[in-house]
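**Q** Chain order of the listed sequences is A and B. Mapping of the first sequence onto the working numbering: residues 22 to 354, in sequence order. Mapping of the second sequence onto the working numbering: residues 0 to 344, in sequence order. Sharing a structure with you now.
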Amino acid sequence: MTTPGRLTRRFLRTALQAIPTVLGIVILNFLLLQLAPGDAADVMAAESGTATEETLAALRARFGLDQPLLLQLLGYLSNLAHFSLGYSPRYNMPVAELIGQRLPGTLLLMATALALAFVVGLLLGLVMAATAGRWPDRVVSVLALLFYSIPGFWIGLMLIVLFSVTLGWLPSGGYQTIGGPSGGGPAEGLAALLDRLRYMVLPATSLALFYVAIYARLARAALLEAQTHDYVRTARAKGLPAWTVMTRHVLRNALLPVTTMAGIHLGGILGGAVVVETVYSWPGLGRLAYEAVMARDFSILLGVLLLSSLLVIAANLLVDVLQAWLDPRIEAS
Amino acid sequence: MDPLLSVRDLSIGFRNGAGGHWWPVRGFDLTVEAGETVALVGESGSGKSLTALALMGLLPRSARVEAAGIRFAGQELTGLPERAKRRLRGRDLAMIFQEPMTSLNPVLTIGRQIAEVLRLHQGLSAKAARAQAIELLDLVRIPEPQRRVDDHPHRLSGGMRQRAMIAMAVACRPKLLIADEPTTALDVTIQAQVLELLDRLRRELSLALLLITHDLGVVAQWADRVVVLYAGRKVEEADAGPLFSDPLHPYTRGLLAASPRMNAGRHYRDGPLDEIPGSIASAAGQAGCPFVPRCPAAVAACAEAMPPLLVPAARRAVACPVAVGLPLPGSPLNSPSAASPEFHP
Chain A
22 MTTPGRLTRR
32 FLRTALQAIP
42 TVLGIVILNF
52 LLLQLAPGDA
62 ADVMAAESGT
72 ATEETLAALR
82 ARFGLDQPLL
92 LQLLGYLSNL
102 AHFSLGYSPR
112 YNMPVAELIG
122 QRLPGTLLLM
132 ATALALAFVV
142 GLLLGLVMAA
152 TAGRWPDRVV
162 SVLALLFYSI
172 PGFWIGLMLI
182 VLFSVTLGWL
192 PSGGYQTIGG
202 PSGGGPAEGL
212 AALLDRLRYM
222 VLPATSLALF
232 YVAIYARLAR
242 AALLEAQTHD
252 YVRTARAKGL
262 PAWTVMTRHV
272 LRNALLPVTT
282 MAGIHLGGIL
292 GGAVVVETVY
302 SWPGLGRLAY
312 EAVMARDFSI
322 LLGVLLLSSL
332 LVIAANLLVD
342 VLQAWLDPRI
352 EAS
Chain B
0 MDPLLSVRDL
10 SIGFRNGAGG
20 HWWPVRGFDL
30 TVEAGETVAL
40 VGESGSGKSL
50 TALALMGLLP
60 RSARVEAAGI
70 RFAGQELTGL
80 PERAKRRLRG
90 RDLAMIFQEP
100 MTSLNPVLTI
110 GRQIAEVLRL
120 HQGLSAKAAR
130 AQAIELLDLV
140 RIPEPQRRVD
150 DHPHRLSGGM
160 RQRAMIAMAV
170 ACRPKLLIAD
180 EPTTALDVTI
190 QAQVLELLDR
200 LRRELSLALL
210 LITHDLGVVA
220 QWADRVVVLY
230 AGRKVEEADA
240 GPLFSDPLHP
250 YTRGLLAASP
260 RMNAGRHYRD
270 GPLDEIPGSI
280 ASAAGQAGCP
290 FVPRCPAAVA
300 ACAEAMPPLL
310 VPAARRAVAC
320 PVAVGLPLPG
330 SPLNSPSAAS
340 PEFHP
């Protein structure tokens, strides 16, 4: 079978399998969220401070919160079937629109952080594998252990202290300079990109460091393991220089476990983003989810959860396709 | 004329825990003439593969290789810088391995793996290298080479993979091909085909073949000359014919007696095959001839110093004075009853 044909089949199969999974996730999430005490009407009433039983009942009636549980669920599912994520009582706007505003920021942050972690982790892994047992290996190992064990919010705060407060090089929060980098209105083109990039450095770094540690350790182990295979000896017997043997024969085989791990992280990184987005006041999905929990705004939360489960499925699909491409032995069977 | 390969006094050592070295191969000499097939014979652990890897320069850095001289194609290999050695590997000096299942990179097509050698050593373009790879696959008799060239190794059978390995090894027309047990992992029917292929390529491409094996049937059929290794020492060397008709060293005799193929006409119901008592590790750490603990002819003097290689006839060498009838002092060490297996029906 040709490579493109193989990949398409794999893609279709996974997409089909995803439908019942997503349905199950939605129903489970819906029921779980009912376990939390209070609802959006309670929170809004408490915030206004002047609510009566009647206004509460009116609020509940307006958002359908007075309906029996099963009807609410059916209503939500019917909404979903019409590609609508429902309406947020808290923000007074459709959930889809709300998520649409926040999604790009989070995706950008996640993709940058993961890409950074993957590249840096792989490079460190190469260094460690090449110097296994000698001092560069030891130094990087200790560094990786540090990154792995320090909590993300603390790294975030320390980076702010160092680079924003003490050195004053980088902004401590937000996602772009209000009023434009030069102060004369919003920037455009390259200037805007550079401005955004400055705001991205610290959050992306704090999010990435933990994953750098994981990928570095994993890449080191995978590279050392791949080096012991017979085909590496064959490659050397051909007279290839050590560097070519490493990049062409060892690295590609060692990439498999690292990409698997990165795929799993791609789905789960939203959890880490909640913390980092809060520390850096980054307007992303993680913070939206956090705010939705505090406001008991379950329609937003359900939307975010649905989106992250879709993200997990998409990430798995991506990993499947990537692995089928990296390793021809994995075939759609 | 100079021989194609001449190795003098090769020793291979590994560091042991006590700060010294242990030497799995000691004082090994070997010459290979252009175009001939030399078989390196010995049981597992005798140092055959180590010797081959040392010649290729593929031993790990922890290994210590010492030699008075390794001359290959008019060039001295000892002390040659790694860059120059690399240029020889895959071009003039090629090797195929025992395990065709694992010796090919699973994620690259066989076409790419063959083309890689051509591009490296002959500077061919990707297109020319691919065309050449197809021709090479055809040369090693892989059917439908145009289609197979884009296959990954896992789609090929064991025999096919070994053919692809051979195609890769002979891509640059090497002067010497080292085949390390090329057929051990293959079916018996495939074994004969692969050996036939190697022999045909030897003639067509006029390369010399260093065949490493423990299969005496293979040796008898394909080798011009035989070198018998025991515990890292050369114990006997001879042309194939004389070796099989008149083995001199007690170890060679034991090997031939233990081989069912060498005893045509004898049936397993007639009685058990002869065996050599003990194991190759029996003599670990002893001075003298390593075969002493298992040798039916050993006398006290054998255990004191390694006997030198003696030349009893033209193109023959044997490291056993007893075998060529030289009297040695001392009483026999292993009485026949102790040397033979205890269990006999």
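Positions of the beta carbon are idealized from the N, C-alpha and C atoms, including for glycine. Given the structure is predicted, the values throughout are model-derived calculations rather than measurements.
First and last residue of the beta strand (DSSP E) that includes D28 of chain B?
**A** On the second sequence, residue 28 of chain B is found 29 positions in, with the first residue counted as 1. H20 to V31 is the extent of the beta strand (DSSP E) around D28 of chain B.
**Q** Residues in its own chain within less than 6 angstroms of V310 of chain B by CB, not counting five upstream and five downstream?
**A** Your numbering for residue 310 of chain B matches position 311 in the second sequence. Excluding residues within five positions, the ones whose Cβ falls inside 6 angstroms are A316.
**Q** Could you name the residues that DSSP lists as bridge partners for V160 of chain A?
**A** Here residue 160 of chain A refers to the residue found at position 139 when the first sequence is read from its first residue. According to DSSP, which records beta bridges pairwise, V160 of chain A is partnered with nothing at all.
**Q** For Q145 of chain B, name the three-state secondary structure that DSSP assigns.
**A** The residue you call residue 145 of chain B lines up with position 146 of the second sequence. Here Q145 of chain B sits in helix by DSSP.
**Q** Any residues in the stretch 68-90 of chain B with a beta carbon nearer than 8 angstroms to a beta carbon of chain A? Which ones, in chain order?
**A** Per Cβ criterion, the list reads R85, R86, L87, R88, G89 and R90.
**Q** Using the Cα positions of T268 of chain A and M94 of chain B, report the straight-line distance between them to the nearest angstrom.
**A** The sequence position of residue 268 of chain A within the first sequence is 247, counting from 1. The sequence position of residue 94 of chain B within the second sequence is 95, counting from 1. Cα to Cα, the separation comes out at about 22 angstroms.
**Q** Roughly how many whole angstroms lie between the Cα atoms of L230 of chain A and F174 of chain A?
**A** Position 209 of the first sequence, counting from 1, holds the residue named residue 230 of chain A. Position 153 of the first sequence, counting from 1, holds the residue named residue 174 of chain A. Distance between the alpha carbons of L230 of chain A and F174 of chain A is about 11 angstroms.
**Q** Mind checking who R70 of chain B pairs with in its DSSP beta bridge?
**A** The sequence position of residue 70 of chain B within the second sequence is 71, counting from 1. R70 of chain B is bridged to B:S5 and B:E75.
**Q** Are the CB atoms of L117 of chain B and A128 of chain B within a distance shorter than 8 angstroms?
**A** As a working note, residue 128 of chain B is residue 129 in the second sequence. As a working note, residue 117 of chain B is residue 118 in the second sequence. In contact: A128 of chain B and L117 of chain B (Cβ atoms closer than 8 angstroms).
**Q** Per DSSP, which residues does M94 of chain B bridge with? Please list them.
**A** Translated into the one-based positions of the second sequence, residue 94 of chain B becomes position 95. According to DSSP, which records beta bridges pairwise, M94 of chain B is partnered with B:I177.
**Q** Helix, strand or coil: which one does DSSP assign to F13 of chain B?
**A** Here residue 13 of chain B refers to the residue found at position 14 when the second sequence is read from its first residue. In this structure, F13 of chain B counts as strand in the three-state DSSP scheme.
**Q** Of all the options B:A313, B:R314 and B:P326, which has the alpha carbon lying nearest to the alpha carbon of P354 of chain B?
**A** Outside the shown range of chain B, which is 0 to 344, sits residue 354 of chain B, and nothing can be said about it.
**Q** Which of helix, strand or coil does DSSP assign to P262 of chain A?
**A** Taking the first sequence and counting its residues from 1, the one referred to as residue 262 of chain A is at position 241. DSSP places P262 of chain A in coil when its eight states are reduced to three.
**Q** Can you tell me which of the three DSSP states S205 of chain B falls into?
**A** Along the second sequence, one-based indexing puts residue 205 of chain B at 206. Reduced to three states, the DSSP call for S205 of chain B is coil.
**Q** So G305 of chain A and V333 of chain A are in contact, right, with Cβ under 8 angstroms, and what is the actual spacing, rounded?
**A** Working through the first sequence from its first residue, we reach residue 305 of chain A at position 284. Working through the first sequence from its first residue, we reach residue 333 of chain A at position 312. G305 of chain A to V333 of chain A, Cβ: 17 angstroms. No contact.
**Q** Opposite Y252 of chain A in the DSSP bridges: which residues?
**A** Counting from 1 along the first sequence, the entry for residue 252 of chain A is found at position 231. In DSSP, Y252 of chain A forms no bridge with anything.
**Q** Compare the C-beta of V106 of chain B against all C-beta atoms of chain A and say whether one is closer than 8 angstroms.
**A** Taking the second sequence and counting its residues from 1, one reaches residue 106 of chain B at position 107. At least one chain A Cβ lies under 8 angstroms of V106 of chain B.
**Q** Between the alpha carbons of Q38 of chain A and L86 of chain A, how many angstroms are there, rounded?
**A** Indexing the first sequence from 1 puts residue 38 of chain A at position 17. Indexing the first sequence from 1 puts residue 86 of chain A at position 65. Roughly 33 angstroms between the two C-alpha positions.
**Q** Considering only the beta carbon of each residue, do G324 of chain A and Y236 of chain A sit closer than 8 angstroms?
**A** In the first sequence, residue 324 of chain A corresponds to position 303, counting from 1. In the first sequence, residue 236 of chain A corresponds to position 215, counting from 1. Not a contact, by the Cβ cut-off of 8 angstroms.
**Q** Listed in chain order, which residues of the stretch 107-123 of chain B have Cβ atoms closer than 7 angstroms to some Cβ of chain A?
**A** Listed by position, the residues of the stretch 107-123 of chain B near chain A (Cβ gap below 7 angstroms) are E115, V116, L119 and H120.
**Q** Please identify the residue among A:R317, A:S330, A:L343 and A:V342 whose C-alpha is closest to the C-alpha of P58 of chain A.
**A** Position 37 of the first sequence, counted from the first residue, corresponds to residue 58 of chain A. Taking only the C-alpha atoms, the option nearest P58 of chain A is A:R317.
**Q** Helix or strand or just coil, what does DSSP make of R315 of chain B?
**A** Position 316 of the second sequence holds residue 315 of chain B. DSSP places R315 of chain B in coil when its eight states are reduced to three.
**Q** Between D63 of chain A and chain B, is there a C-beta pair that is closer than 8 angstroms?
**A** The sequence position of residue 63 of chain A within the first sequence is 42, counting from 1. Chain B contact via Cβ: absent.
**Q** Please classify K126 of chain B: is it buried, with 16 or more other beta-carbons within 10 angstroms of its beta-carbon, or exposed?
**A** To locate residue 126 of chain B, count along the second sequence from 1; it is residue 127. K126 of chain B is exposed by the Cβ-count criterion.
**Q** Cα-Cα, which of B:E35, B:P276 and B:L79 is closest to V64 of chain B?
**A** As a position in the second sequence, residue 64 of chain B is number 65, starting the count at 1. Comparing Cα positions, the closest option is B:L79.
**Q** Classify F342 of chain B: buried if its beta carbon has 16 or more other beta carbons within 10 angstroms, exposed otherwise.
**A** Walking along the second sequence from the start, residue 342 of chain B turns up at place 343. Because the pLDDT of F342 of chain B is 42, which lies under 50, any placement of that residue in the model is unreliable, and the number read from its coordinates should be weighed accordingly. F342 of chain B should be labelled exposed.
**Q** Quick one: is D251 of chain A near chain B, going by C-beta distance under 8 angstroms?
**A** As a working mapping, residue 251 of chain A is identified with position 230 in the first sequence. By this cut-off, D251 of chain A is an interface position.
**Q** What is the rounded straight-line gap between the Cα of S354 of chain A and the Cα of G110 of chain B?
**A** As a first step, residue 354 of chain A is located in the first sequence; it is residue number 333 there, counting from the start. As a first step, residue 110 of chain B is located in the second sequence; it is residue number 111 there, counting from the start. Reliability fails at S354 of chain A, whose pLDDT of 41 lies under 50, so the model's placement of it is uncertain and the value that follows must be treated cautiously. Taking the straight line joining both Cα atoms gives about 25 angstroms.
**Q** Between T182 of chain B and chain A, is there a C-beta pair that is closer than 8 angstroms?
**A** The residue given as residue 182 of chain B occupies position 183 in the second sequence. So, not an interface residue.
**Q** Would you mind reading off the limits of the alpha helix (DSSP H) that contains A83 of chain B?
**A** Locating residue 83 of chain B in the second sequence gives position 84, counting from the first residue. Here the alpha helix (DSSP H) through A83 of chain B covers E81 to L87.
**Q** Skipping 5 residues on each side, what residues in its chain have a beta carbon closer than 7 angstroms to that of L185 of chain B?
**A** For the purposes of this step, residue 185 of chain B is identified with residue 186 of the second sequence, where counting begins at 1. The answer, listed in chain order, is G157, G158, Q161 and V193.
**Q** Quick check: what's the CA-CA separation for L39 of chain B versus A178 of chain B?
**A** One-based indexing of the second sequence puts residue 39 of chain B at position 40. One-based indexing of the second sequence puts residue 178 of chain B at position 179. Approximately 10 angstroms, taken between the alpha carbons.
**Q** Out of B:D1, B:S205, B:G12 and B:C294, state which residue places its alpha-carbon closest to the alpha-carbon of G46 of chain B.
**A** Here residue 46 of chain B refers to the residue found at position 47 when the second sequence is read from its first residue. The candidate whose alpha carbon is nearest that of G46 of chain B is B:G12.
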